[in-house]
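Residue numbers (our numbering): 1 to 1266.
We put the CB at the ideal spot given by N, CA and C, even for glycine.
Structure, as structure tokens:
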């Protein structure tokens, strides 16, 4: 007989920065307008409306001006007594009576001369200024009834300072298409032609008419009296149509028409009834189940709509009942809420937290994604969130449970971070539906997740719990409204009994975790908690199955974990799980792998901003005396928000993505200025750092001068702790007036000793035609290419390297396109590469120098046409139509360029699809793809573009296990993948099922084929050749992407996608990304190829992956004089000696993160990772920790004391709170024993660190500036 079970009812709130369409509140603006009347009607209307003292959107007069029409408002005003005029004046200044347009009339736009239009606008607004001062001046142009709209009329409105233009009449076909694409709101660019002065005016087109919807009159009778009123159904349909037609959550519903409001009392009462009937209603069908994922709105909107109410309501209930418990997840919202609370209320919340009644799970700034987030960024956002909790509540607030219930798959190395951070458990919902079903059947939904990279390496485990159902209220029974479980025969009672019996069969222990919450729940916590109380009362003491009595109580994930741990320790057994949980599928042939690539431009921008954050954090410590912590924290917070599972994933609406980009841009601009300030500090104010943010468009004003002789500096900041000695090339847009212009490039450290070889290449035709380039006025016609690491030069570690570039006229005419001796024309020790092409592919020929064997890599751009009917591809899901192969383009148009630095082949597959392969003279191979606007054939075809690499002619690249390949896990270590085939399962999808997230690399490991006697190879002289060893082939990416290997020896990466249908998983918007031109977004990116002996590729894999993720930051400065540059001001390193390549400086941050004037501390946070494997090859031997002498490692800084902290830097590594629960079968942590065992101080003020393989160490250090 099993012991009585305990049911933990967990009340929680997970904020996803989104509004569910099924339960979303729209902000419906009831705009009341008066238009086109006779004199008598105007008199009656104005009197009636003014007496009501309510808001009216008022056109001053009509467009139809004849001899019988007059300026109505002026006529009416002249007839009013002084006292009444004063009342109207008060209404206007209070904003309750407002004016739109403000002209003497609503003028025509087809036949009116712009000078006359200016005059009538001036006269009308002059009247309003006379009567009401600034209060009366309109901000909106209201041209709802003109028969077409003129560009230069809109330009007048823009010049007059109007914020918006609203109208109804547009060509019916355009209006229909805009409603379908949700582009009825747009910026009207009023310039005459590209390249002239730009002015824009926000424009809104009514999806319907400018009158009451469907001509339902509000001016007589009573409407919306009953639930089944005809008008109610009509309005529901209207609002749902409008919701589909606009991008934002705000709808403008015109409530008026010609001759309306003669009896405003009736009209306003009817509008009141409309508001009462619809407030709080849902738009669209209510979705059931947890699989549909809700659309994301801007996070400020979500806070205003839900978060504030939820937290206020819940805190009130927790104060009133000591039995209640509540768990909160995302700190970005909690932070916003906390800042708005008075001191006394904060004290009360502090008491609730310290009493364990309000707890936190995860504790990160957001609930981050696990497929597309780089592990360093994940650590940063976790650190920022837990830093806040430690600040506010001390150790009481720190979470013990990782709560990743809504991410679309789960990464092994993300779980490893949680284990290193000291979490006791991980709880989530989303796992492949087949595995979840099987685990529930076998009672293994709880297990130890072993996060080691491979057997024989260091083991870390994390207890993991998968919900048997959803993370919401069971079976979508809402606890947030009404009363449930009133009687014994209530329907909900039977449903819950069934749910609990299913759960009891799915778990090994007698403790059940029942989630009591969902998105947007607990806005009225009084109702919710009362309903949970009824549930507990009904079930306490009931039996589940034979002999099982239940005990129900409020609990938290942390309490549940502790209870399960105690029982499992007694049972002495716990299943193990290796690898990860990708790809995620919630049902047959529905793989959530499209989001690995969705919104590729946003993904790249996040990576670039992350590199900037890393750099400015370092410079703040090394050069700026920790003085810029607050503005840097702004970028840290914005990047933290972008790690959310509906942000970097690209699974948000377009306007939300735009808002993310705007916020990230603002924060990045501030940090770019900090970067410039740091350079100025170093140079004594003589140099500034100017960032060229459009280098991918070959635009940089600092490097382009119309003169034939000019000079500028190029400075590269290397944020890594290693110097860079190879595989680094710079492309700079320049203006070359003629072939007689030549350049000289020198390192400012030794300008007379060495001039760098360079090559000039024309700006690609593809680049000239990118619409985003046009407003930037890019004048560059060439790109200057050189390597800053030529001839033994290196890019200094953690520092600046500066080069002076001078353009001058040559004495004799020449091509000017290549200058200097051919560099790096040396064979690598193992491989030599050559570029070529055939009719369809770019070909990279490879020669193994020792054996002489040749083979090739085919490089091709292809595409999938995706399903648009049964299971359409969408922001989340990738569902190709053909389950066998991607489609080829036609034969590409190919151009070839050779020079002293690079051999380049460009293949143009279509006007919107271009591939460029570059083979540099140091054997580096780069592939640049430019895709977009993707052709959708008139909004009928969803298309997803890939770049495919196929190695041919060399069995040594084939894996020892057929179908084996590797991707990164969270951008950190490699994880093994095995290709699934149709024979493996009953699946019908052989492509999407094999797609995996690629944060920064995908790799093939070959095997050395056995050589039998008599089959040895010989050269022409009859001498035996050496065998070709096992090879490895890796492709490194500049952003997260989806990738796979559908055949042995082949890699493909999805680079861009444009879809014409939604996948119905919650975004409720098609992933179109129209771009500035409106036809589709153009995206450009790079891949870097590394093919070599397997030992070489694997030895440098972590180094290469880190280099592409945190590349050097490049900036420029025009030389405004010919004075020599002081090399000491522009070439500098923050390290006295470079770190070895297996020791990675992950973070160097001023501490505390948010500095105040009172709290000035000479402290810094150092995070270091040892890339080495725990065991050596050959006979397995445990590798010893690496000893790093830290005290004098950094220039200008002496570190005299350090304390090791947990990964998230909120408690000592040896604190009792960091000691994780022990689980049956778990390996004991043997890396640290004793106090600060990894910090060695043999002498006073001398610090040495012990860094263990496969481990990230975090240290808080005290220092002095020298």
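Item checked: Test item: CB-CB of residue 947 and residue 1055 under 8 Å -> Yes, Cβ-Cβ distance for residue 947 and residue 1055 is below 8 Å.
Note to self: Restricting to Cα atoms, I'd like to know which of 148, 1046, 142, 244 is closest to residue 1069.
What the structure shows: Selected option, being the one with the closest Cα: 244.
Note to self: Which residue marks the beginning of the alpha helix (DSSP H) containing residue 889, and which one marks its end?
What the structure shows: For residue 889, there is no enclosing alpha helix (DSSP H), as DSSP gives it neither H nor E.
Check: Looking at the unbroken alpha helix (DSSP H) that takes in residue 641, where does it start and where does it end?
Finding: Counting along the chain, the alpha helix (DSSP H) containing residue 641 begins and ends at 629 to 642.
Notebook entry, point to check: What do you reckon, are the CB atoms on residue 265 and residue 219 nearer than 8 Å?
Noted result: Not closer than 8 Å, so no.
Notebook entry, point to check: Based on the DSSP output, what are the partners of residue 1270 in its beta bridges?
Noted result: Since the first and last residues shown for the chain are 1 and 1266, residue 1270 lies out of range.
Item checked: For residue 72, the nearest candidate out of 698, 102, 93 (CA to CA) -> For the set 698, 102, 93, the Cα lying nearest the Cα of residue 72 is the one of 102.
Notebook entry, point to check: DSSP state of residue 1273, grouped into three classes?
Noted result: Given a span of 1 to 1266 for the chain in the structure shown, any question on residue 1273 remains unanswerable.
Checklist line | Check whether residue 401 and residue 190 have beta carbons under 8 Å apart | finding: Taking 8 Å as the Cβ cut-off, residue 401 and residue 190 do not qualify as a contacting pair.
Margin query: Buried or exposed, going by whether 16 or more other CB atoms sit within 10 Å of the CB of residue 61?
Written below: Low confidence applies to residue 61: its pLDDT is 30, below 50, so where it sits in the model is not reliable, and the reading given next is rough at best. Counting Cβ neighbours within 10 Å, residue 61 comes out buried, since at least 16 surround it.
Notebook entry, point to check: By a C-beta neighbour count over all protein chains shown, 10 Å radius and 16 as the cutoff for buried, is residue 349 buried or exposed?
Noted result: By the 10 Å Cβ count, residue 349 comes out buried.
Next item on the list: Starting from the C-beta of residue 770, find all residues in its chain whose C-beta is less than 7 Å away, skip the five residues before and the five after it, and write them out in chain order.
Entry: The residues are 697, 1082.
Next item on the list: Measure the Cβ-Cβ separation of residue 994 and residue 1005 and say whether it is below 8 Å.
Entry: Cβ atoms of residue 994 and residue 1005: not closer than 8 Å.
Next item on the list: Reducing DSSP to helix, strand and coil, say where residue 1037 ends up.
Entry: Of the three classes helix, strand and coil, the one that applies to residue 1037 here is strand, per DSSP.
Notebook entry, point to check: Is DSSP giving residue 1261 helix, strand or coil here?
Noted result: In this structure, residue 1261 counts as strand in the three-state DSSP scheme.
Notebook entry, point to check: Do the CB positions of residue 380 and residue 640 come within less than 8 Å of each other?
Noted result: A contact, by the Cβ cut-off of 8 Å.
Margin query: Just to check my reading of the structure: residue 933 and residue 1077 have Cβ atoms closer than 8 Å, yes? What is that Cβ distance to the nearest angstrom?
Written below: The Cβ separation is near 7 Å, so the contact holds.
Margin query: Can you look up residue 915 in the DSSP assignment and give me helix, strand or coil?
Written below: In the structure shown, the three-state DSSP call for residue 915 is strand.
Check: Apart from the five residues on each side of it in sequence, which residues of its chain come closer than 6 Å, Cβ to Cβ, to residue 1042?
Finding: Closer than 6 Å at the Cβ level, and outside the excluded window around residue 1042, lie 593, 596, 597, 995, 1054.
Item checked: Alpha-carbon spacing of residue 141 relative to residue 865, whole angstroms -> Answer to the nearest angstrom: the Cα atoms are 44 Å apart.
Check: Are the stretch 144 to 159 and the stretch 109 to 116 touching by the rule of at least three beta carbon pairs closer than 8 Å?
Finding: Result yes; three or more Cβ-Cβ pairs closer than 8 Å.
Next item on the list: Using three-state DSSP, classify residue 395 as helix, strand or coil.
Entry: Helix.
Check: Which two residues bound the contiguous beta strand (DSSP E) that contains residue 908?
Finding: Where residue 908 is concerned, the enclosing beta strand (DSSP E) stretches over 902 to 910.
Check: Under a Cβ-count criterion, where at least 16 other Cβ atoms within 10 Å of its own Cβ denotes burial, should residue 1237 be classed as buried or exposed?
Finding: By the neighbour-count rule (16 or more Cβ atoms within 10 Å), residue 1237 is not buried but exposed.
Check: So, helix, strand or coil for residue 894, using DSSP?
Finding: Strand.
Margin query: Here's the rule: buried if 16 or more other CB atoms are within 10 angstroms of the residue's CB, otherwise exposed. What is residue 870?
Written below: Exposed.
Next item on the list: Report yes or no: do the stretch 874 to 893 and the stretch 961 to 980 share at least 3 C-beta pairs separated by less than 8 Å?
Entry: Short answer: they don't touch.
Note to self: DSSP has residue 1042 in a bridge; who is on the other side?
What the structure shows: Partner(s): 997, 1054.
Check: Residue ranges of each beta strand (DSSP E) run of no fewer than 3 residues wholly in the stretch 417 to 500, ordered along the chain?
Finding: For secondary structure counted as the beta strand (DSSP E) over 3 or more consecutive residues, the stretch 417 to 500 holds these complete runs in sequence order: 425 to 428, 446 to 450, 461 to 466.
Checklist line | Rounded separation between residue 1250 and residue 849 - CA only | finding: Rounded to whole angstroms, the separation of the alpha carbons of residue 849 and residue 1250 is 40 Å.
Next item on the list: Within the stretch 1174 to 1229, note down every full beta strand (DSSP E) run reaching 3 residues or more, in order along the chain.
Entry: For the stretch 1174 to 1229, whole beta strand (DSSP E) runs of length 3 or above, ordered along the chain, are 1186 to 1189, 1197 to 1205.
Item checked: Exposure label - residue 540; buried when at least 16 CB within 10 Å -> Flag for residue 540 reads exposed.
Next item on the list: Output the distance between the C-alpha atoms of residue 300 and residue 327, rounded to the nearest integer angstrom.
Entry: So the two alpha carbons sit approximately 21 Å from each other.
Check: At which residues does the beta strand (DSSP E) containing residue 861 begin and terminate?
Finding: Its beta strand (DSSP E) spans residues 854 to 866.
Notebook entry, point to check: Which stretch, first to last residue, makes up the alpha helix (DSSP H) that contains residue 659?
Noted result: Note, residue 659: alpha helix (DSSP H), 654 to 683.
Check: Which first and last residues belong to the alpha helix (DSSP H) in which residue 538 is found?
Finding: Note, residue 538: alpha helix (DSSP H), 525 to 539.
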